[in-house]
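One structure is given here, and the rest of the page talks about it.
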Amino acid sequence: SQPWGEIRWVDPRGNAITHQLQIGSQCRSGDLSYAVEYQYTSALSDGAGANVGWGSTGALDWPFDSKRNWAKVEGIQGQRVVANWVYDMPFGQDKRFFNQVGKVGNLLIGGWQFTGIGTVASGTPFNVTYSSRLVGYPVTGRADVIGDPSVDHPNVNEWFNPAAFAAPAPFTLGNSGRNNLWGPGMWNVDAGLMKNMKFGERFSTQLRTEWFNAFNHANPGNPGASLSTPSTFGKITSFSTARVMLFGLKI
């Protein structure tokens with residue numbers, strides 16, 4: 146085995162490039178106001194300079210060949226669509242429907258507002274890693290690819306083919322690319338319902354309820370990607386939070 150462990154290399158360099166396309170539209174039509182934005186992001190780097198500790202090399206596992214690590218940046222969603230809206234419901238005095246109601250009727254059916262924001266996005270990149278109990282360098286890093294990582298129907302129990310990866314030979318670098326796999330995409334809708342009431346010219350009250358993750362949809366996180374943890378390797382065990390409902394009164 147090697148007679149030395151890891152030798153710390155501190156080198157103030159690194160390369161990254163980001164291109165982004167944003168297309169958006171805003172509109173107000175009658176009682177409805179809405180905006181839609183599409184975002185495409187291409188972010189590449191060699192992994193150097195990751196902010197995970199003093200002297201860290203980030204994902205730069207071999208400083209003499211940084212091109213080996215040139216790949217998509219962690220945590221970046223390549224495509225993302227966001228839409229938001231505010232809808233003043235057309236009921237009550239000065240509205241299109243039931244505009245002849247009295248004060249009591251308007252107090253019940255007027256002043257309602259429905260708002261929301263919806264998001265759809267692609268997944269984020271990741272790579273398979275390993276760790277070893279050997280003393281030397283490297284004993285952690287990216288795994289070897291020995292087969293086809295893809296599966297016909299990715300699911301929470303098998304997002305990729307775990308048999309397609311293996312730990313590299315001792316003290317050698319794995320041949321798999323950095324961030325060469327993609328995690329699952331996501332979608333989410335937050336919504337709110339408000340009731341605005343005015344009492345004379347000086348006083349107003351708002352009753353509101355807000356629903357975060359209104360459809361209670363569980364967005365899966367990235368799968369377990371460590372060969373050293375076989376119980377979760379290739380499986381998705383983390384999900385977004387469940388629906389949260391809030392109620393409030395503003396005077």
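The opening position of the sequence shown corresponds to residue 146 in the numbering used here, with each subsequent residue numbered one higher.
Glycine included, C-beta positions come from ideal geometry on N, C-alpha and C.
Just so we're clear, the structure is a prediction, and the values are computed from it rather than from any experiment.
Terminal residues of the beta strand (DSSP E) in which residue i lies
i: Val-98; result: Residue 98 is absent from the structure shown; the chain starts at 146 and stops at 396.
i: Glu-355; result: 348-357
i: Asp-335; result: 331-344
i: Thr-382; result: Per DSSP, Thr-382 belongs to no beta strand (DSSP E) and is neither H nor E.
i: His-164; result: 161-174
i: Ile-262; result: 257-266
i: Lys-395; result: 389-395
i: Gln-184; result: 177-190
i: Gly-328; result: Note, Gly-328: premise wrong, no beta strand (DSSP E); not H, not E.
i: Thr-274; result: 274-276
i: Gly-322; result: Taken as a continuous stretch (DSSP letters only), Gly-322 belongs to no beta strand (DSSP E), as it is neither H nor E.
i: Thr-285; result: 285-287
Residue of the options minimising C-alpha distance to residue i
i: Gly-92; options: Met-234, Gly-268, Ser-178; result: Absent from the structure is residue 92, since the part of the chain shown begins at 146 and ends at 396.
i: Ala-330; options: Asp-239, Pro-294, Phe-384; result: It should be noted that the sequence gives Gly, not Ala, for residue 330. For the residues Asp-239, Pro-294, Phe-384, the minimum Cα distance to Gly-330 belongs to Phe-384.
i: Ala-216; options: Leu-253, Gly-192, Lys-340; result: Gly-192
i: Leu-318; options: Arg-173, Trp-356, Ala-288; result: Ala-288
i: Ala-348; options: Trp-332, Ile-396, Ser-174; result: Strictly speaking, residue 348 in this sequence is Phe, with Ala absent from that position. Among Trp-332, Ile-396, Ser-174, the Cα nearest to that of Phe-348 is on Ile-396.
i: Phe-145; options: Pro-270, Thr-386, Asp-176; result: Limits of the chain in this structure are 146 at one end and 396 at the other, which puts residue 145 out of reach.
i: Val-284; options: Gly-268, Phe-316, Val-246, Asn-214; result: Phe-316
i: Leu-391; options: Val-181, Glu-182, Ala-336; result: Ala-336
i: Ala-309; options: Ser-211, Asn-272, Val-227, Ala-363; result: Asn-272
i: Thr-374; options: Ala-387, Thr-274, His-298; result: Thr-274
i: Asn-367; options: Glu-219, Asn-214, Ser-170; result: Glu-219
i: Gln-184; options: Gln-171, Gln-167, Pro-299; result: Gln-167
i: Lys-248; options: Phe-344, Gly-169, Ser-174; result: Phe-344
i: Asp-293; options: Gly-286, Phe-305, Pro-299; result: Phe-305
i: Ser-321; options: Gly-286, Pro-299, Leu-279; result: Gly-286
Proximal residues to residue i (C-beta, below 7 Å), its chain only, five neighbours per side dropped
i: Val-301; result: Pro-365, Lys-380, Ile-381
i: Gly-198; result: Residue placement at Gly-198 cannot be trusted, given a pLDDT of 43 that sits under 50; what the coordinates show is reported in the next sentence. Cβ neighbours of Gly-198 beyond the five flanking positions: none.
i: Val-334; result: Gly-261, Gly-263, Ala-359, Phe-360
i: Phe-378; result: Pro-307, Gly-369, Ser-371, Leu-372
i: Ala-266; result: Gln-222, Gln-224, Arg-225, Gly-330, Met-331
i: Asn-196; result: Low confidence applies to Asn-196: its pLDDT is 47, below 50, so where it sits in the model is not reliable enough to give any reading.
Anticipated Cβ contact below 8 Å, residue i with residue j, distance rounded
i: Ser-187; j: Thr-163; result: 7 Å
i: Ile-291; j: Ala-314; result: About 12 Å separates the two Cβ atoms, so there is no contact after all.
i: Met-339; j: Gln-258; result: 4 Å
i: Trp-327; j: Pro-270; result: 6 Å
i: Asn-214; j: Arg-323; result: 5 Å
Any non-hydrogen atom of the ligand HEM within 7 Å of residue i CB
i: Ser-321; result: The ligand content of the structure shown is nil, which means the ligand HEM is not present either.
Endpoints, the alpha helix (DSSP H) within which residue i is located
i: Lys-248; result: 248-254
6 Å Cβ shell around residue i - same chain, five flanking residues per side excluded
i: Gln-165; result: Thr-186
i: Gly-393; result: Arg-353
i: Val-231; result: Ser-178, Thr-260
i: Ala-228; result: Val-181, Gly-263
i: Asn-325; result: Asn-272
i: Trp-356; result: Ala-336, Met-390
i: Glu-303; result: Val-296, Gly-379
i: Thr-202; result: Any reading at Thr-202 needs caution, since the residue's pLDDT is 44, under 50, leaving its predicted position unreliable; the model's value is listed next. Answer for Thr-202: no residue qualifies.
Residues near residue i by beta carbon distance below 8 Å, same chain, minus five either side
i: Gly-250; result: Gly-237, Phe-243
i: Cys-172; result: Ser-178, Tyr-179, Ala-180
Cβ of residue i within 8 Å of any chain B Cβ
i: Pro-283; result: Absent from the structure is chain B; it holds one protein chain and no more.
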